[in-house]
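First comes the structure, then the notes that go with it.
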Amino acid sequence: MGEWLKLHALKIIITVVIGLVVYLILQNIIPRFVHRTISLRMKNKEKIEIEKRSRTLSRVLTGTAGLLICLVVLFTILAEIGINIAPALASLGIIGVAVGFGAQSLIKDFINGLFILMENQYGIGDVVKIAGISGLVEEVNLRRTILRDLDGVVHYIPNGVINTVSNMTKEFSRVNMNISVAYREDLDHVIEVINRVCAEMAEEPIWKGRIKKPPQVLRVDALGDSGIEIKILGETAPSAQWDIMGELRKRIKREFDREGIEIPWPHMKVIVTGTPIKGA
């Protein structure tokens, strides 16, 4: 018994160590290989798109490799201690057929996940809307997608329920905002001021690399109840639109104050008709 234990224990330890070493090597090699391959295939794309694609595929491939290594190590250990794995594999096949109908949703998750990855619908770091939930993609694999929303809530979404995806950071993002001004303002002057603010901001080094097409006035968008709506449109690097819109609002407000341009707020006029009651 002692000899058997020494002999087999040593082989089992060696098997586990080899499996661990192989996994650590693959964990280091796979991201480099994926990044190099993606960089060549997406050489005309933005750097941030290449990074998101590489990070997503690296995690999926590394996780898959880890699972396969664990299975190989497990079957090797079982064979080493004298358990015939052939009947076990046959039993697994029978069990797989038996539970196949109950695992349809899981199979659908994997198939959908495969198409999501192949079509590069989104990746880690993208901001998306899935199944009515908006958030940052923290993880995507063959089975599920994990989103974190602005409140910090983490949402686990099975890939099988994903029918429509809205990706807000795919290749580029867009500034799409409205500014309201009072009816008494000269619209030509207002448009000139807004376009000037946008152009100046786009030339600043801190923003220049994040603005692809400088925002500018697109049109008079609406005649509202309390003011005239001016629509501003532009293109930015992925995920940069929110910072840029926030900064633009601040700068436009400051410039409007200097130019004496009024930003309206909702108000109501009360008109009293009829004859006032004496003594009231």
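Take the sequence shown: its position 234, counted from the start at 1, is 289 in the numbering used here, and no numbers get skipped. Ideal placement from N, C-alpha and C gives every residue a C-beta, glycine not left out.
From residue i to residue j, what distance separates their C-alpha atoms?
{"i": "M173", "j": "N222", "result": "16 Å"}
{"i": "C125", "j": "L169", "result": "22 Å"}
{"i": "A134", "j": "K66", "result": "11 Å"}
{"i": "H90", "j": "R110", "result": "8 Å"}
{"i": "A254", "j": "P270", "result": "7 Å"}
{"i": "G264", "j": "I73", "result": "47 Å"}
{"i": "L303", "j": "M256", "result": "8 Å"}
{"i": "I136", "j": "I212", "result": "40 Å"}
{"i": "T119", "j": "L197", "result": "9 Å"}
{"i": "A153", "j": "E104", "result": "For A153, the pLDDT reaches just 48, beneath the cut-off of 50, and the residue's location in the model is therefore unreliable, although a value from the coordinates is still provided. Using only the alpha carbons, I get a separation of about 43 Å."}
{"i": "S160", "j": "P86", "result": "30 Å"}
{"i": "V128", "j": "V77", "result": "11 Å"}
{"i": "D243", "j": "I318", "result": "16 Å"}
{"i": "K102", "j": "S94", "result": "9 Å"}
{"i": "F88", "j": "V115", "result": "13 Å"}
{"i": "L122", "j": "L75", "result": "12 Å"}
{"i": "V230", "j": "R274", "result": "14 Å"}
{"i": "K184", "j": "T291", "result": "19 Å"}
{"i": "L79", "j": "I69", "result": "15 Å"}
{"i": "E314", "j": "D241", "result": "11 Å"}
{"i": "I188", "j": "Y177", "result": "14 Å"}
{"i": "E258", "j": "I162", "result": "51 Å"}
{"i": "T117", "j": "L278", "result": "55 Å"}
{"i": "V192", "j": "N175", "result": "13 Å"}
Would residue i and residue j be called neighbours here (beta carbons separated by less than 9 Å)?
{"i": "G282", "j": "A237", "result": "yes"}
{"i": "S228", "j": "I285", "result": "no"}
{"i": "G289", "j": "I266", "result": "yes"}
{"i": "T224", "j": "D181", "result": "yes"}
{"i": "K107", "j": "I179", "result": "yes"}
{"i": "V71", "j": "I132", "result": "yes"}
{"i": "I171", "j": "V220", "result": "yes"}
{"i": "V216", "j": "A186", "result": "yes"}
If residue i and residue j are in contact, beta carbons under 8 Å, what's the gap, nearest whole angstrom?
{"i": "E226", "j": "P293", "result": "7 Å"}
{"i": "T200", "j": "N214", "result": "6 Å"}
{"i": "I299", "j": "V252", "result": "At roughly 12 Å, the Cβ-Cβ gap does not stay under 8 Å, so I299 and V252 are not in contact."}
{"i": "I287", "j": "I249", "result": "7 Å"}
{"i": "D276", "j": "N233", "result": "6 Å"}
For residue i, count the other beta carbons within 10 Å of its own beta carbon; 16 or more makes it buried, fewer makes it exposed. Which is it?
{"i": "D312", "result": "exposed"}
{"i": "Q296", "result": "buried"}
{"i": "D206", "result": "exposed"}
{"i": "E247", "result": "exposed"}
{"i": "S113", "result": "buried"}
{"i": "R96", "result": "exposed"}
{"i": "T328", "result": "exposed"}
{"i": "R239", "result": "exposed"}
{"i": "D164", "result": "buried"}
{"i": "L202", "result": "buried"}
{"i": "I261", "result": "exposed"}
{"i": "V325", "result": "exposed"}
{"i": "T92", "result": "exposed"}
Could you tell me the boundaries of the beta strand (DSSP E) in which residue i lies?
{"i": "D276", "result": "I266 to L278"}
{"i": "R198", "result": "No beta strand (DSSP E) holds R198; DSSP gives it neither H nor E."}
{"i": "R304", "result": "It is not in any beta strand (DSSP E) - R304 instead sits in the alpha helix (DSSP H) that spans Q296 to E314."}
{"i": "G289", "result": "I283 to T291"}
{"i": "I185", "result": "V182 to I185"}
{"i": "V209", "result": "V209 to P213"}
Go to residue i, then tell me how far its alpha helix (DSSP H) extends in each direction, as first and last residue.
{"i": "R251", "result": "L242 to E258"}
{"i": "K225", "result": "Per DSSP, K225 belongs to no alpha helix (DSSP H) and is neither H nor E."}
{"i": "M173", "result": "Q159 to M173"}
{"i": "K107", "result": "K102 to E135"}
When every heavy atom of the ligand PLP is checked, does at least one fall within less than 8 Å of the C-beta of residue i?
{"i": "I73", "result": "The ligand PLP is not part of the structure shown, which contains no ligands of any sort."}
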